[in-house]
Amino acid sequence: MLKYIQFFLLIAIVFVYANFTQTFSQSKQTTIEAINGNPSSFEAVEVEFVGLVTQYFSDKGTTNYYLIKGDYGGIIRVNTAEPAPETNVKYRVRGIVYFDAKNNRVFVSEKSKYTIEFPDPILSVSPNSIKENETSTLSWSAENAVKVTINGSPVETKGSKTITSKDATLFTLQAQYPDGKFKEKSVTITFIQQSNTLLYILVAALVVLIGAFIYFQMKKRNSENEYSPSSTDQDQNPQAQQPKGFPAHENVEDKPMYTSENEYKTIKIVRTSPKTLKFIPGKLIITDGPDKGKEFRVAGFPTPEGFIVSIGRKEVDGDRAYAHIKLNEKTVSRDQAELHYIDHKLYLKNLSETNFTQLNGSEIKPGKIAEVSSGSTIRAGEVEFKYVV
């Protein structure tokens, strides 16, 4: 009799497992964006997708629901009879898609859900042992993190940079995730000291180069002194009076000339731009504050990343002053933002971690970049500009 009972129990277990496997296999793997894009093809279909829970609502009726966001920004409503999920936590959800004709929206009736652990950040250095005159590459990745720092400095969620013996030997990456938790990863790089023999060779080579330079400079000076042009020669050839290194008829300023408080109260810029710098196309019009209605142009400083204009409360000297907009407002950070002109397009990068720069009323997170088009407004503290081409 016991054998028969065991036999029937085994058959029941196999039947239940087969039905569970069949049900799970019928779930269609998809994304929130795909469902929203073509709801009719998913209606009454059991689906499975991944997303970040952003809000939970306790309905007045019998059905509670939450909003879940996909990796590409799509949002969908999920009705649930289970306890409330945690917000800012990633879940894998399985349920059936329905279309609410009354409210003209698609929603999912939840069958099951479980949390997804955010992956650990990756931090590596290659090679991890180099000589003092060599370089190494530091690479990192923190998928889905909302904030990433390396040795306390903010960086993008994924990237790499070249390091030398002048940099730190220990690098620590800290990543903060939407659930508020932090994860860390550290790597160490070893710098190999060079032998004294190589140092002596380098010093000897440097002495030889300096001696050769002095010799040729003296020889050149002696040859130039063999002929001194007379005043008659200079009258016949006015360009002979032009200092070497500068083309004729080109004006070169000794130092930047700034605007006064009578011209602008909220900003301070250089009046002119040297010919070596390039004006950013268009102009900036002040749309708020004491200088409302005034407009100006600004030059970009050439870098490998394009022409850059810095914006902030700090003072800038030298060539960089021509490509700097100094804001006189106390609510503005010393390093507030940057304008990047790349491939005939203008971008705005926020640098401030306390007073976020706004583009068209939307805040830009620290280190993030947004494209600026004609008519866009840029606000930093109490100062607002309008970019017009």
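Take the sequence shown: its letters are residues 949 to 1337, numbered as in this note's numbering.
Cβ atoms here follow ideal geometry from the backbone N, Cα and C, with glycine treated the same way.
Just so it is clear, the structure is predicted and the values come from calculations on it, not from any experiment.
Please report the residue range of the beta strand (DSSP E) in which residue i lies.
i        : result
Asn-1027 : 1023–1028
Asn-1298 : 1293–1298
Val-1054 : 1053–1063
Asn-1012 : 1012–1017
Pro-1033 : Where Pro-1033 is concerned, there is no enclosing beta strand (DSSP E), given that its DSSP letter is neither H nor E.
Gly-945  : The requested residue 945 does not occur in the structure, where the chain is confined to residues 949 to 1337.
Ser-1072 : 1070–1074
Gly-999  : 994–1005
Leu-1118 : 1118–1124
Ser-989  : Looking at the DSSP string, Ser-989 is not in any beta strand (DSSP E), and its letter there is neither H nor E.
Pro-1250 : 1247–1251
Ala-1271 : From DSSP, Ala-1271 is part of no beta strand (DSSP E); its letter is neither H nor E.
Lys-1114 : No beta strand (DSSP E) holds Lys-1114; DSSP gives it neither H nor E.
Would you mind giving the Cβ-Cβ distance between residue i and residue j, rounded to the nearest angstrom? I have them listed as a contact below 8 Å.
i        : j        : result
Ile-1312 : Asn-1303 : So it is not a contact: roughly 11 Å between Cβ atoms.
Ile-1217 : Phe-1244 : 6 Å
Ile-1215 : Ile-1273 : 6 Å
Leu-1073 : Thr-1085 : According to the sequence as given, residue 1073 is Val; it is not Leu. The pair is a contact, with the Cβ atoms about 7 Å apart (cut-off 8 Å).
Out of the options, state which residue places its alpha-carbon closest to the alpha-carbon of residue i.
i        : options                                : result
Ile-1111 : Phe-1139, Lys-1061, Asn-1308, Leu-1121 : Phe-1139
Asn-1081 : Ser-1324, Gly-1315, Val-1331, Asp-1115 : Asp-1115
Lys-1262 : Gly-1254, His-1288, Ala-1152, Ser-1300 : Ser-1300
Asp-1267 : Asp-1239, Pro-1238, Asn-1099, Pro-1204 : Pro-1204
Lys-1278 : Gly-1329, Asp-1239, Ile-1233, Ala-1269 : Gly-1329
Thr-901  : Tyr-1206, Lys-1231, Ser-1077, Gly-985  : Nothing about residue 901 can be reported from this structure: the residues present for the chain run from 949 to 1337 only.
Pro-1314 : Asn-1308, Thr-1325, Ser-1281           : Ser-1281
Asn-1052 : Thr-1251, Lys-1168, Ile-1024           : Ile-1024
Pro-1229 : Asn-984, Leu-1287, Ile-959             : Leu-1287
Trp-1088 : Lys-1242, Ser-1108, Ser-1077, Asn-1076 : Ser-1108
For residue i, which residues of its own chain have a beta-carbon under 8 Å away from its beta-carbon, when the five flanking residues on both sides are left out?
i        : result
Thr-978  : Phe-990, Val-995, Glu-996, Phe-997
Tyr-1062 : Tyr-1039, Arg-1040
Gly-1323 : Lys-1334, Tyr-1335, Val-1336
Gln-1003 : Tyr-1014, Leu-1015, Thr-1035
Asn-1308 : Ser-1324, Thr-1325
Gly-1128 : Asn-1036
Glu-1058 : Val-1026, Asn-1027, Thr-1028, Ala-1029, Glu-1030, Val-1041, Arg-1042, Gly-1043
Ser-1006 : Asn-1012, Ala-1032
Over what stretch of residues does the alpha helix (DSSP H) that includes residue i continue unbroken?
i        : result
Gly-1362 : In the structure as shown, the chain starts at 949 and stops at 1337, and residue 1362 therefore has no counterpart that could be examined.
To which residues of the same chain is residue i closer than 6 Å at the C-beta, ignoring the five residues directly before and after it?
i        : result
Ile-1290 : Gly-1254
Ala-1123 : Pro-1069, Ala-1090, Ala-1093, Val-1096, Lys-1131
Pro-987  : Phe-1047, Val-1054
Ser-1134 : Thr-1120
Glu-1172 : Residue placement at Glu-1172 is poorly supported in this model, since its pLDDT is 47, which falls under 50; the coordinates are not used for a value here.
Phe-1227 : Arg-1245, Ala-1247
Ser-1060 : Arg-1042
Does any heavy atom of the ligand HEM sit closer than 6 Å to the C-beta of residue i?
i        : result
Pro-1067 : In the structure on display, the ligand HEM does not appear, and there are no ligands present to speak of.
Counting Cβ pairs, one atom from each stretch, are 3 or more of them under 8 Å apart for the segment 1319–1329 and the segment 1290–1297?
yes
Does the segment 1148–1166 come within contact of the segment 1115–1127, defined as at least 3 CB pairs closer than 8 Å?
no
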